[in-house]
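Numbering (UniProt numbering), first residue to last: 1 to 194.
Glycine included, each C-beta is placed from N, C-alpha and C at the ideal position.
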Ligand code: GDP
């Protein structure tokens with residue numbers, strides 16, 4: 001897939017406020033705060049400031065819709081795991097996510113995990129939640145430029161003790177070097193063509 005254009009459409013909490021569905025699957029991105037979600041969306045779309053929209057105060061807890069090539073949506077889901085978030089806000093996050101995950105939207109979720117970290121309790125909850133709602137998902141390891149091949153190998157071995165996956169089933173991305181971009185875009189293109 002070649003991204004010709006990508007634009008912010010709207011922010012939403014409730015399903016009635018999501019944009020009218022394009023006749024295709026939508027691709028949602030989720031991960032703990034600081035995992036590199038905005039950087040990845042920007043790198044993927046080739047729009048340096050696209051996902052910044054979702055970082056503007058008041059929008060961080062919302063679902064942000066981007067339209068790509070008039071062909072599909074990319075959905076920026078609110079990040080989790082902020083250090084000192086009031087309980088009420090966490091509850092709101094949970095509601096917003098539950099509304100999205102249980103919605104009838106035809107979706108595929110990319111769960112971003114920082115390759116340098118062992119998945120946190122919240123990451124594990126997220127993966128279990130996707131299972132629970134029967135939402136198809138794929139894992140993307142972010143910031144892979146920060147590790148050597150040898151370190152990467154060791155780290156994946158540790159991560160696999162918590163999360164079962166095959167190396168051929170996950171994506172590796174560096175927003176800094178834009179590596180992994182083509183594989184991910186190809187996968188998105190193939191999924192759209194199915
Ligand atoms: P978000 O909170 O998940 O949206 O994370 P950001 O995209 O804002 O990234 C958090 C920090 O990680 C920023 O300082 C980024 O520059 C850095 N970062 C994001 N992706 C990469 C990457 O692929 N490689 C490196 N080296 N740094 C990254």
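The beta-bridge partner set that DSSP reports for residue 168 is empty. Exclusion of the five residues before and after residue 49 leaves 42 as the residues of its chain whose Cβ lies within less than 8 Å of its Cβ.
Taking non-hydrogen atoms of the ligand GDP into account, the C-beta of residue 175 is found less than 7 Å away from one of them.
Secondary structure remark: continuous beta strand (DSSP E) runs of at least 3 residues inside the region 20-79, in chain order: 26-31, 63-68, 72-76.
Between residue 38 and residue 51, the C-beta spacing is below 8 Å. Contact check for residue 9 and residue 67: beta-carbon distance about 5 Å, within the 8 Å limit, so the pair qualifies. Distance from the CA atom of residue 22 to the CA atom of residue 69, rounded to whole angstroms, is 11 Å. Per DSSP, reduced to three states, the secondary structure at residue 101 is helical. In terms of CA proximity to residue 112, 28 leads the group 28, 4, 12. In the DSSP annotation of this structure, the continuous segment of the alpha helix (DSSP H) that includes residue 130 starts and ends at 121-132. Residue range 181-193 is occupied by the alpha helix (DSSP H) that includes residue 193, with no beta strand (DSSP E) assigned at that position. For residue 17, the closest C-alpha among the options 121, 65, 85, 5 is that of 65. Contact between residue 136 and residue 108 is confirmed by a C-beta separation of about 5 Å, below the 8 Å threshold. Taking the Cβ of residue 145 as the reference point, at least one heavy atom of the ligand GDP falls within a distance shorter than 7 Å. A straight-line Cα-Cα distance of about 10 Å links residue 25 and residue 193. Distance from the CA of residue 86 to the CA of residue 139, rounded to the nearest whole angstrom, comes to 28 Å. As DSSP reads the structure, residue 139 sits in a beta bridge with 111.
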